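Right under this line is the structure:
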């Protein structure tokens with residue numbers, strides 16, 4: 055039997071797929087969100103529950119996305135349609151792929167704006183503006199940036215051009231060549247920051263905070279947050295991993311590469327915490343400051359430590375690299391669909407997607423200034439208008455529903471024989487365990503995540 059290859063290309067090796075999928079998974083969620091949600095939910099106990107959720111939710115869903123992608127070898131919409139028909143089910147399952155691509159499109163639009171903040175902070179940190187800065191000074195710098203639409207538009211434009219150029223080049227000439235450079239560079243930067251954190255005198259305190267479990271600090275809400283983040287951090291539910299899976303050569307173990315990706319992604323999140331918390335603690339600040347940790351608290355901390363300007367600059371370069379590798383994976387499914395269904399050349403498809411996400415990003419930019427408005431959702435007051443609406447639409451509705459649909463598709467729509475074949479052809483204990491989890495445990499977890507998002 056000849057090897058099946060996607061019309062878009064194929065990864066050159068197992069390692070390249072792991073690096074690419076890890077690049078998709080490692081993003082702002084690891085370096086920005088994980089440290090502050092761990093800080094808000096008790097540190098070590100939250101980390102322990104999070105690791106359990108990665109095993110029970112993240113890895114099974116990742117295996118499902120990869121096997122669906124490799125089985126179909128097309129964009130998520132066409133793959134789900136083809137495989138549903140193959141199993142004698144309705145082709146309307148393509149809607150799941152369409153919703154995933156819609157979620158990815160929306161996420162990239164505001165991801166580009168936030169990555170633009172990080173680009174701006176590279177320049178600001180390198181200029182020494184944060185040296186000796188006060189809390190009010192750091193807050194003022196951040197407010198001045200997000201309230202300036204023209205400046206934000208410039209940084210957003212730069213980031214979207216960076217993303218579009220790479221995607222336009224194709225799988226091996228573009229995505230693979232970039233990932234070969236970006237992922238090793240990301241790990242090197244993270245290790246340099248980790249070494250720097252070790253010189254602050256608060257490294258042991260950071261280790262205790264992350265790894266000493268205090269179960270008294272854990273609530274039901276904290277458990278559900280860990281469940282949700284274990285899914286969101288792996289870039290699942292938006293078709294990115296499914297698309298990357300379609301480029302995976304036959305004969306490579308899906309279980310092994312999925313476990314490797316989850317382990318590396320989790321390692322990056324933990325190392326980010328170990329790099330960030332000692333720096334925060336060394337300046338007498340606390341770790342439970344919420345989303346402002348990266349763009350307001352950390353600049354203050356870097357500004358008070360010798361060499362902080364240099365290492366703070368490296369940190370924001372790291373943040374941009376993480377956002378970049380995630381963004382190219384989120385754009386890829388829609389570009390592939392345009393090539394397959396509209397007959398576009400890849401460069402033309404990438405340009406159209408890039409321009410459209412850039413335009414939608416303007417909505418996020420304006421949401422922090424003249425278009426801002428307040429509303430309540432889930433017991434919280436939201437202040438940033440349409441940006442918050444898009445964030446809620448993706449994180450509260452589209453992503454959990456996408457994850458639930460993927461679990462149901464792999465566990466109940468595809469024939470068992472097709473799933474066994476794609477996972478290596480052995481219907482042994484490990485397969486039976488995964489199959490049970492994906493059919494029963496994972497769907498129940500997604501229902502719980504969805505309910506918690508609506509009624510926290």
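In the numbering used here, the protein residues as written are 55 to 510. Glycine included, every Cβ here is placed at the ideal spot set by N, Cα and C. Everything numeric in this text was worked out from a predicted model, so none of it was measured.
Contact annotation: the segment 146 to 166 touches the segment 456 to 465, with at least three C-beta pairs closer than 8 Å. Segment contact: the segment 185 to 202 against the segment 213 to 227, fewer than three CB-CB distances shorter than 8 Å; contact not assigned. A direct Cα-to-Cα measurement between residue 207 and residue 424 gives close to 14 Å. Sixteen is the threshold: since fewer than 16 other Cβ atoms of the shown chains lie within 10 Å of the Cβ of residue 61, the residue is exposed. Check the Cα spacing between residue 143 and each of 333, 469 and 68: the tightest is with 469. The residues 184 and 192, in chain order, have a CB closer than 6 Å to that of residue 353 in the same chain once the five nearest residues on each side in sequence are set aside. Within the segment 429 to 501, the runs of beta strand (DSSP E) that reach at least 3 residues and sit entirely inside it are, in chain order, 429 to 431 and 434 to 436.
The DSSP-derived three-state label of residue 182 is coil. The residue from 137, 313 and 70 with its alpha-carbon nearest to that of residue 471 is 137.
For residue 269 and residue 263, the gap between their C-alpha atoms comes out near 13 Å. Beta-bridge partners assigned by DSSP to residue 60: 63. A direct Cα-Cα distance of roughly 6 Å separates residue 236 from residue 375. Residue 451 and residue 360 have their C-alpha atoms spaced approximately 45 Å apart. With the rule of 3 Cβ pairs closer than 8 Å, the segment 384 to 394 counts as touching the segment 118 to 133. Comparing alpha carbon positions, the residue from 205, 70 and 310 closest to residue 177 is 205. Residue 71 places its beta carbon less than 7 Å from that of residue 302. Residue 435 counts as exposed, since fewer than 16 other beta carbons sit within 10 angstroms of its beta carbon. Residue 86 carries a helical assignment under DSSP once its states are collapsed to helix, strand and coil. Nearest neighbour of residue 325 by Cα position, chosen from 179, 282, 286 and 372, turns out to be 372.
Residue 283 and residue 104 have their C-alpha atoms roughly 8 Å apart. As the crow flies, the alpha-carbon of residue 337 is around 26 Å from that of residue 200. Per DSSP, reduced to three states, the secondary structure at residue 340 is coil, with no helix or strand assignment. Here the segment 395 to 414 does not lie against the segment 486 to 501, with fewer than 3 beta-carbon pairs under 8 Å apart. In the three-state reduction of the DSSP assignment, residue 399 falls in the coil class, being assigned neither a helical nor a strand state.
Beta-carbon to beta-carbon, residue 155 and residue 510 are separated by about 28 Å, too far to satisfy the 8 Å threshold. In the three-state DSSP reduction, residue 379 falls in the helix class (H, G or I).
One Cα belongs to residue 273, the other to residue 98, and the distance between them is close to 13 Å.
382 is the residue among 429, 419, 102 and 382 whose C-alpha sits nearest the C-alpha of residue 404. Taking C-beta atoms under 8 Å as the contact rule, residue 108 and residue 316 qualify, at a distance of about 6 Å. The criterion of a C-beta distance shorter than 7 Å is satisfied by residue 167 and residue 419. About 7 Å separates the CB atoms of residue 477 and residue 309; that is less than 8 Å, so the two are in contact. Going by C-alpha positions, residue 251 is about 21 Å away from residue 81. Contact annotation: residue 367 and residue 179 have beta-carbon atoms nearer than 7 Å. Excluding sequence positions up to five before and after residue 196, its CB lies within less than 7 Å of the CB of 349 and 350, all in the same chain and listed in chain order. For residue 259, the enclosing alpha helix (DSSP H) stretches over residues 257 to 265.
Contact check for residue 161 against residue 455 fails: the beta carbons are separated by 7 Å or more.
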